[in-house]
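Participant:
Chains as they are written, first to last, in this note's numbering: chain A, 4 to 118; chain B, 4 to 118.
1. Tell me residue 34(A)'s beta-bridge partners as DSSP assigns them.
2. Is there a Cβ of chain B sitting closer than 8 Å to that of residue 57(A), yes or no?
3. Rounding to the nearest angstrom, what Cα-Cα distance links residue 56(B) and residue 117(A) in this structure?
4. Listed in chain order, which residues of the stretch 40 to 66 of chain A have Cβ atoms closer than 7 Å to some Cβ of chain B?
5. Does the Cβ-Cβ distance between residue 89(B) and residue 116(B) come in under 8 Å?
6. Mind reading off the beta-carbon distance from residue 20(A) to residue 84(A)? Whole number of angstroms is fine, and I expect it under 8 Å.
7. Anyone know if the C-beta pair for residue 60(B) and residue 47(B) falls short of 8 Å?
8. What are the complete beta strand (DSSP E) segments, minimum 3 residues, inside the stretch 55 to 105 of chain B?
9. For residue 120(B), count neighbouring Cβ atoms within 10 angstroms of its own Cβ and tell me buried if that reaches 16, exposed if not.
10. Can you round the beta-carbon distance between residue 61(A) and residue 50(A) to whole angstroms, since I take them to be within the 8 Å contact cut?
11. May I have the straight-line CA-CA distance separating residue 86(B) from residue 63(B), to the nearest angstrom?
12. Does residue 105(A) have its Cβ less than 8 Å from a Cβ in chain B?
13. For residue 93(A), return the contacting residues in chain B, with the cut-off set at a CB-CB distance below 9 Å.
14. Counting only the same chain and skipping the five closest in sequence on each side, list residues whose C-beta sits under 6 Å from that of residue 80(A).
15. Please report whether the beta-carbon of residue 93(B) lies at a distance below 8 Å from any beta-carbon of chain A.
16. For a contact defined as C-beta to C-beta under 9 Å, what are the partners of residue 97(A) on chain B?
17. With C-beta atoms as the reference, is residue 106(B) less than 8 Å away from residue 92(B)?
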């Protein structure tokens, strides 16, 4: 079974631009979460989607948004990029069909550099 | 509010020696606890979880973790360390209601295993 796939792996953008990152979850997983990882702040939760609905949201400005499609694939968008948005963005999927399947499986991440 | 603390930024151990990476948590209600490992420029790999049951949880690659409710700890252990275990380790707790995939992570502990 294929793992969580994130594209692109690396991205360089200029301040003020916007960016869209993509995540394809493990087949059958309908829960998709996004995290931002930086050296200073560590791993921070951005948002979670389940069945095309945002179920949870972290403490990030409105420039950060996301969505989920009917096939469970998810995208996150960052508008008006700032230098501080440079980070590794991680996507994770979870299988909620079995109650005890609480662990999340992560993709390789997208390394975003804002210059 | 849920939180996780990893008191050591780095743990150094000689190959073949036992290792312990410490984690303490603060949650309301029953904790769902996880350990993940991250290799350079990679996503997070799931190692093990505690949901309920035995306090000693066995996971991938020979790792285990001991849940201690009275000390609110969930330390990661391995009887005999390998050089290839050198990586960044994260402890996490499931945040919010049971109907969420949100994870709250500790700051991470770098494990260095020397030959």
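Ideal placement from N, C-alpha and C gives every residue a C-beta, glycine not left out. Every value quoted in this text rests on a predicted model; they were computed, and no experiment measured them.
Facilitator: From the atom records:
1. Looking at the DSSP output, residue 34(A) shares a beta bridge with 53(A) and 97(A).
2. Taking a beta-carbon distance threshold of 8 Å, residue 57(A) does not count as an interface residue toward chain B.
3. 46 Å
4. 45, 46, 48, 51, 58 and 59
5. yes
6. 5 Å
7. no
8. 59 to 61, 67 to 71, 76 to 81 and 90 to 97
9. Within the shown structure, residues of chain B are numbered from 4 to 118, placing residue 120(B) beyond reach of any answer.
10. Yes, they are in contact, since the Cβ atoms of residue 61(A) and residue 50(A) sit about 6 Å apart, within 8 Å.
11. 16 Å
12. Closer than 8 Å: yes.
13. Per Cβ cutoff of 9 Å: 46 and 47.
14. Excluding the 5 residues flanking it on each side, residue 80(A) has same chain C-beta neighbours closer than 6 Å at 23 and 68, in chain order.
15. yes
16. 104
17. no
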